[in-house]
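Start counting at 1 in the sequence shown, then tack on 1, and there's your number in our numbering.
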Amino acid sequence: MEKYFEHSVEGTQDRRRLSVSNLLKVESLTGEPTQVIRLFEQWCDNGDLRSYAWIDVTPDNPFNFVLHNHPGNFVGDLSNSVLNAYPYRMHARSCAAEYLECKTEAQPVAHYVNQELSGNHREYVRLMIPILNADGRVSKIVYAFRHIKPL
2 MEKYFEHSVE
12 GTQDRRRLSV
22 SNLLKVESLT
32 GEPTQVIRLF
42 EQWCDNGDLR
52 SYAWIDVTPD
62 NPFNFVLHNH
72 PGNFVGDLSN
82 SVLNAYPYRM
92 HARSCAAEYL
102 ECKTEAQPVA
112 HYVNQELSGN
122 HREYVRLMIP
132 ILNADGRVSK
142 IVYAFRHIKP
152 L
């Protein structure tokens with residue numbers, strides 16, 4: 002499991018890459034199917050993933066990846082915005098690296114994130130699923146998350 006802790010003027014963050022199987026085991030302990038489990042199951046069944054948030058990862062530069070259906074719980078609606086528009090640079094840099102990992106590996110990727118940014122705290126897990134285009138390259142990433150501690 003890869004992990005790192007970062008501190009900046011914006012705040013702090015503890016980020017860890019998790020194995021997808023371990024994330025799914027933990028999610029199953031919640032007692033009911035979470036969005037993370039639903040996403041994984043729908044992906045395994047070749048189901049419809051259009052209701053999930055997604056990222057256009059066709060640009061070469063990950064800071065130009067475009068967020069779609071961004072839930073906006075923490076910083077407001079960033080749907081149809083490039084990652085570079087995210088107001089917290091520390092988080093944007095981390096997400097750029099994580100999204101690029103998922104795109105490059107072309108495999109589902111899971112993370113645990115615990116952040117305090119400008120006095121706001123959030124703790125969540127996220128599952129990202131790469132989607133291949135007709136050429137067999139990853140063109141989008143669909144994702145789901147679950148807040149461990151409410152905002």
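We put the beta carbon where it would ideally sit given N, CA and C, even for glycine.
What is the C-beta distance between residue i and residue j, in whole angstroms, given that I count them as a contact (C-beta under 8 Å)?
i: arginine 127; j: alanine 107; result: Actually they do not touch by this definition, with Cβ atoms about 18 Å apart.
i: glutamate 11; j: leucine 84; result: The Cβ separation is near 16 Å, so there is no contact.
i: phenylalanine 41; j: leucine 30; result: The Cβ separation is near 15 Å, so there is no contact.
i: arginine 154; j: valine 37; result: Nothing about residue 154 can be reported from this structure: the residues present for the chain run from 2 to 152 only.
Short of 6 Å in beta carbon distance, which residues of its chain neighbour residue i, apart from the five on each side in sequence? Order them along the chain.
i: valine 21; result: Pro109 and Ala111
With which residues is residue i paired in a DSSP beta bridge?
i: phenylalanine 66; result: None, per the DSSP bridge assignment.
i: aspartate 57; result: Val67 and Lys141
i: valine 1; result: In the structure displayed, the chain extends from 2 to 152; residue 1 sits before or after that span and is not available.
Over the uninterrupted alpha helix (DSSP H) stretch that includes residue i, give me the two end residues.
i: serine 140; result: It is not in any alpha helix (DSSP H) - serine 140 instead sits in the beta strand (DSSP E) that spans 139-150.
i: histidine 92; result: 90-106
i: glutamate 117; result: Counting along the chain, glutamate 117 falls outside any alpha helix (DSSP H), though it belongs to the beta strand (DSSP E) covering 110-118.
i: arginine 39; result: 36-45
Report whether the distance from the Cβ of residue i to the nearest heavy atom of the ligand COA is below 7 Å.
i: phenylalanine 6; result: The model depicted lacks the ligand COA and carries no ligand whatsoever.
Would you give the residue range spanned by the beta strand (DSSP E) that residue i belongs to?
i: glutamate 7; result: 4-9
i: leucine 79; result: Neither: leucine 79 is in no beta strand (DSSP E) and is coded neither H nor E.
Excluding the 5 residues flanking residue i on each side, which residues of the same chain have their C-beta closer than 8 Å to its C-beta?
i: leucine 133; result: Ala107, Val139 and Ser140
i: lysine 4; result: Asp15, Arg16, Arg17 and Arg18
Excluding the 5 residues flanking residue i on each side, which residues of the same chain have their C-beta closer than 7 Å to its C-beta?
i: asparagine 81; result: Val67 and His69
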